Amino acid sequence: MIWITRLFPFLLWIKDLSKPKTFKADIVAGATVAFVLIPQSMAYAQLAGLGPQYGLYASFLPVLIGSMMGSSRQLSTGPVAVVSLLTAAALGEIVTDPSSYAVYAALLALIVGVFQFSLGVLRLGFVINFLSLPVVTGFTNAAAIIIGASQLPKVFGIRVISSNDTDWESACQPLTIIERIENVDINGLHTICNADQSYQTIVRLFEAAIYYTHLPTLAMALTGVLGIIIFQRFFPRLPAILSVAVLSTAASFLIDYQGMGGAIVNSINIDGLISFKLPSFDFNAIGTLFIYAITISLIGFMEAISVAKSMAATTKQRLDVNQELIGQGLSNVTSSFFQGYPVSGSFSRSAVNMTAGAVTGFSSVVTAIIVGLTIIWLTPLLYHLPQATLAAIILMAVVNLIHFSPLRHAWKVEKHDGLVGLLTFIMTLIFAPHLENGIAFGVILSLGLFLYRTMEPNFSELSVEHGSIIASRFADESVEVSPAVKVAKWSGSLYFANAAYFETKFLDLIARNNDELKYVIVDVASIVQVDASGEQVLSGLVETCSNSGVEILFARTERLEAELFRSGFKKRFGENRFFDLRADALKFVWQELEDLQNKNDELNDAEEDLDFENAEPEPS
């Protein structure tokens, strides 16, 4: 039975739907999330460089699959801002014809899904630990700013032509670099040419906005932002995003917003329910997309699992990280087969889902059903939805992504961590639109910091009172410390990066106590792992010290028993060097020193007797 529920996690909660209270709560929560998801998904799709219909596609079956195959009961899967931005960045690397965006978006979703699914099946969920909290925080904050900046053209009513647009060659290619900074007019719309770096484009945009802002568009965007704030604060029970979308669509129709030059959604190219369609396999593009796919997989999943963990702690649910990877992976594979793009767990919608009273994953099933009905029948109602309103929805969503307090906290705890987060934030902004470089920089920096920290772990030198089985750092000078015995402790792994440091510290201990030192007991209880380099250093130290009259013993070896036995270390140097307890090692040492002292005393007595017998008699 256990293996069946692992294959089909929804079997764990489907029986709860027999309770009328649970069933009703899930329906209400699912409908509430759907009212947020529908306009939000359309906005995120355009953020990804796709038409609004692809946001709806990614909000239908992927939501259904994620709820049924994941272990979290309240996690809401679907399009999210950061993943949408990364999708746009990935597609911008390889797509020259905007009409083929959807084709490569589906291929990207497939790669992401297969990668996540494989990690889950192989129980490799721990790989997300390579993304430290400061790195993710720095990247997310930078991505949020980039997302917000990307919506400014829709707020000001100014078009930005990128190199992937069909009219790039006619509008921008003939111009010199200096001329591209100037503004160009195309078809009555004020247009600027995209720059190589995002920050340069933003500068050009603000220069153009001073003189050429389309006031009706700006008014619509600001009204959208203000409307969402008002609904969230004064009418919390109403779906703020849906309410603003409906009201702005009605206003757009009544005032002929399109006739004023305002951009609207127009017809959404949907003919009935979405159909199954295999992604086009462009093997040349897969290599480029794979790097982005890994970034999307890890960043998206970390966002999903963080919110899932917080909800599981509140609801006392059991959360399986690897099962979530499987669920998210299957959601993305499904999205790729039904004309969607990469999806992930949404923090904001999951919070709405939980606040609305969701008990089981059936709430997401309800959400998917409502999205499906919208795809079939309701998209014509969205014809007059202003693009500026979608921009306002995105802007309000990314505000919730900007949190600098974790970076400040990381700085207070460990300045190096805070610095890593800050540098990741800065470099992500600098590298934009190549966001994968920003996250790669952060990961490499955090791994470098880890190596730096582990290169010089704590090495403790303990002293022992003569005859005692207790070792400590004696501060009392009145205590008679045995110069013949020292105890060394090492905390952490002993591996290639710090083996030389361990050797240096150990030899320094020997050198400082070489005159009378006879035994060094190495307490290995805090050594979590020894690699080949570490074992070689230990072997060399045992041999070197033995030749110089200092014997090395090992105490509390239980954790490393297997490694020491497998490598032949114990066999080479004798099992009499290894002790389960530090006290046993000290008892052995005192006994050996006592025996040695007795032998020396006997030898001295014998020499004295011999000297007495051989002594010449004194003259009388």
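Note that the working numbering has the sequence shown beginning at 480, numbered continuously upward. Where a beta carbon is used, it is the ideal one built from N, C-alpha and C, also for glycine. Small disclaimer: the values here were computed from a predicted structure and weren't measured.
Assignment of Val822 by DSSP, reduced to helix, strand and coil, places it in the coil class. Taking all protein chains in view, the Cβ of Ser563 is crowded by 16 or more other Cβ atoms within 10 Å, so the residue is classified as buried. Taking the CA atoms as reference points, Leu996 sits about 8 angstroms from Lys965.
With respect to Asp1010, Thr1036 sits apart: the two C-beta atoms are not nearer than 9 angstroms.
Excluding five sequence positions before and after Pro613, the CB atoms of its chain that fall closer than 6 angstroms to its own CB belong to Ala889, Asp896, Val899 and Gly900, given in chain order. Assignment of beta-bridge partners to Phe1057 by DSSP yields Phe1033. Of the candidates Val838, Val542, Met906 and Glu893, Met906 places its Cα closest to the Cα of Tyr678. Between Gln630 and Ile784, the C-beta gap is not smaller than 9 angstroms, which leaves the two residues out of contact. Residue pairing from DSSP leaves Ile948 without any beta-bridge partner. Trp856 and Leu535 have their C-alpha atoms some 13 angstroms from each other. DSSP, reduced to helix, strand and coil, places Ile743 within a strand of the structure shown. DSSP places Gln1015 in the uninterrupted alpha helix (DSSP H) bounded by Ala1011 to Asn1026. Spatial neighbours of Met875 in its own chain (CB-CB distance under 7 angstroms, excluding positions within 5 residues in sequence) are listed in chain order as Val704 and Ile707. A direct Cα-Cα distance of roughly 14 angstroms separates Ser641 from His913. With a cut-off of 8 angstroms on Cβ pairs, the segment 834-851 is in contact with the segment 510-523, counting three or more such pairs. The way I'd put it, the segment 567-587 does touch the segment 763-773; three or more beta-carbon pairs between them come closer than 8 angstroms. For Val966, the enclosing beta strand (DSSP E) starts and ends at Val960 to Trp969. When the beta-carbon positions are compared, Leu1032 and Ile1000 come within less than 9 angstroms of each other. In the three-state DSSP reduction, Pro936 falls in the coil class, being neither helix nor strand.
Every unbroken stretch of the alpha helix (DSSP H) spanning 4 or more residues and falling wholly within the segment 731-804 is given here in chain order: 762-794. Under the DSSP assignment, Ser555 falls in the beta strand (DSSP E) whose first and last residues are Ser555 to Gly557. Considering only Thr670, Ile753 and Pro715, the residue with the shortest C-alpha distance to Ile637 is Thr670.
The criterion of a C-beta distance shorter than 9 angstroms is not satisfied by Ser843 and Ala787.
In the structure shown, the three-state DSSP call for Asp896 is helix. A residue is called buried once 16 or more other Cβ atoms fall within 10 Å of its Cβ, and Ala569 is buried on that count.
Per the DSSP secondary-structure output, Leu809 pairs with nothing in a beta bridge.
In the three-state reduction of the DSSP assignment, Gln711 falls in the helix class. Bounds of the beta strand (DSSP E) holding Asp1002 are Tyr998 to Asp1002.
Rounded to the nearest angstrom, the gap between the Cα atoms of Leu516 and Leu598 is 28 angstroms. If the five residues before and after Ala772 are omitted, its C-beta is found closer than 7 angstroms to the C-beta atoms of Leu587, Ile590, Val591 and Phe594, all from its own chain and listed in chain order. It is roughly 5 angstroms from the alpha-carbon of Ser810 to the alpha-carbon of Ile544.
Among the bridge pairs identified by DSSP, Pro865 is matched with Ile743. Nearest C-alpha to Gln532 among Val922, Lys1050, Ile918 and Leu861: Leu861. In the structure shown, Arg485 adopts helical secondary structure according to DSSP, grouped into three states. CA-to-CA, the gap between Met833 and Thr794 works out to about 10 angstroms.
By a beta-carbon distance limit of 8 angstroms, Thr556 contacts Gln807. Their separation comes to about 7 angstroms.
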